[in-house]
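2 protein chains.
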Amino acid sequence: MNIGQAASASGVSARMIRHYEAAGLIPKAARAYSGYRRYDERDIHTLRFIRRARIAGFSTAQIKKLLLLWQDRQRPAREVKQLAAAHLSDLQTRIAELESIAHALTQLIAHCHGDERPQCPILDNLAGNGTAHE
Amino acid sequence: MNIGQAASASGVSARMIRHYEAAGLIPKAARAYSGYRRYDERDIHTLRFIRRARIAGFSTAQIKKLLLLWQDRQRPAREVKQLAAAHLSDLQTRIAELESIAHALTQLIAHCHGDERPQCPILDNLAGNGTAHE
DNA sequence: ACTAAACCTTGCCATCATTGGAAGGTCAAG
DNA sequence: CTTGACCTTCCAATGATGGCAAGGTTTAGT
Chain A
1 MNIGQAASAS GVSARMIRHY EAAGLIPKAA RAYSGYRRYD ERDIHTLRFI RRARIAGFST
61 AQIKKLLLLW QDRQRPAREV KQLAAAHLSD LQTRIAELES IAHALTQLIA HCHGDERPQC
121 PILDNLAGNG TAHE
Chain B
135 MNIGQAASAS GVSARMIRHY EAAGLIPKAA RAYSGYRRYD ERDIHTLRFI RRARIAGFST
195 AQIKKLLLLW QDRQRPAREV KQLAAAHLSD LQTRIAELES IAHALTQLIA HCHGDERPQC
255 PILDNLAGNG TAHE
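Protein sequences, first through last, are from chains A and B.
The first sequence begins at 1 in our numbering and counts up by one.
The second sequence begins at 135 in our numbering and counts up by one.
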């Protein structure tokens, strides 16, 4: 299987397959005589794993660890759970930050009449001219 | 005022002040005979505006527009409101995505016993199903 | 067999905001 | 006049991905 087939079979672009190889996430692919990279079902399986982990928001560094754990049949579930919990905690922090911003912005927008007049509490707030809403 | 003073007065690092200048967010600073950049209160005010807008999650492109609007005393509040609303919409989309991921991860973590045994629904899920690789 | 299309290779650039370092010039105080 | 804090510019890296270019390979159609 060439990289193109591996890409469509795994859902990971050929681009990113090469990238993951260079980044050490996956071992260097075997090469055909022509120099083309060769992939088998095992590789596709690994790529699908990576794709799902990316969708779940894991960083490449985290995925590297997850792959090691995945390939270790003796791994304790504890380690995986810890890694996932740390990631979940990150996610929740980010969510809270974004929600806080969204909340403030919602308030500002609600107080902006949004017509042709130049008065605008949104700009006033960014300018530091205080309290757009009480 | 040199760039260092401007940085501590505005809360924007000297590094980023130069960056914003190169990016066209702020006009090129006046220079002293020595080549040092000079800043006045007006510049500090602008830098504080930028800092607040960044904290609010606006992109530099959006901030560029906000600055133009801010400096235009005739601007209609409508335009500012539209820009802010578009940004809020982006924020809400991102929040929803992260929440969806966090929810799925929470489920997986809850079903992982997390002890010394190798069985782990988190890895199983990333691998594509109940049966892991091989 | 020849040719064109589709595929592969490597490598460099761009994004976005920010930080880091290196190499060198300038200013203020001792 | 030296030292150290400050400034200058340029170059690089982050993280994940996309784009393009120039060139080699394979495959399918004639």
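Cβ coordinates follow ideal geometry from the N, Cα and C atoms, glycine included.
In chain order, Pro210, Ala211 and Arg212 make up the part of chain B whose C-beta sits under 8 Å from the C-beta of A:Asp115.
Scanning its chain for C-beta atoms nearer than 8 Å, with the 5 sequence neighbours on each side dropped, one finds no residue around A:Gln92. B:Gln253 has a beta carbon lying within less than 8 Å of a beta carbon in chain A.
The alpha carbon of A:Leu123 has as its nearest neighbour, out of B:Ser144, B:Met135, B:Ala148 and B:Lys198, the alpha carbon of B:Lys198. Distance between B:Arg188 and A:Ala84, taken at the CA atoms: about 30 Å.
Only residues of its own chain outside the window of five on either side were considered, and among them Ser147, Ala148 and Ile151 have a CB closer than 7 Å to the CB of B:Ala141, listed in chain order. Annotation: A:Gly35 is outside any alpha helix (DSSP H) and is labelled neither H nor E by DSSP. By the Cβ rule, the region 237 to 256 of chain B counts as touching the region 68 to 79 of chain A, because three or more pairs are nearer than 8 Å. Per DSSP, B:Asp206 lies in no alpha helix (DSSP H) and is assigned neither H nor E. When Cβ-Cβ separations below 8 Å define contact, A:Gly128 makes contact with chain B.
Within the same chain, Ala23 and Leu25 come within 7 Å of A:Thr60 by CB-CB distance, once the 5 residues on both sides are set aside. Burial check for A:Arg37: the Cβ neighbour count within 10 Å reaches 16 or more, so the residue is buried. DSSP places B:Pro252 in the coil class of the three-state scheme, outside both helix and strand. When C-alpha distances from B:Ala190 are compared across A:Asn129, A:Thr106, A:Ala110 and A:Gln5, the shortest belongs to A:Thr106. The region 161 to 168 of chain B makes no contact with the region 97 to 111 of chain A; the number of CB pairs closer than 8 Å stays below 3. Pairing B:Leu222 with B:Ser168, the inter-Cα distance amounts to about 44 Å. For A:Gln107, the nearest beta carbon of chain B is not closer than 8 Å to its own beta carbon. The contact set of B:Ile235 on chain A, defined by CB atoms closer than 7 Å, consists of Ala56, Gly57 and Leu91 in chain order. For A:Arg94 and B:Arg228, the gap between their C-alpha atoms comes out near 10 Å. Any Cβ of chain B closer than 8 Å to the Cβ of A:Ala85 would place that residue at the interface, and such an atom is present. Under a criterion of Cβ atoms nearer than 7 Å, no residue of chain B is adjacent to A:Ala61; the nearest Cβ is some 15 Å distant. With fewer than 16 other CB atoms across the displayed protein chains lying within 10 angstroms of its CB, A:Leu68 is exposed.
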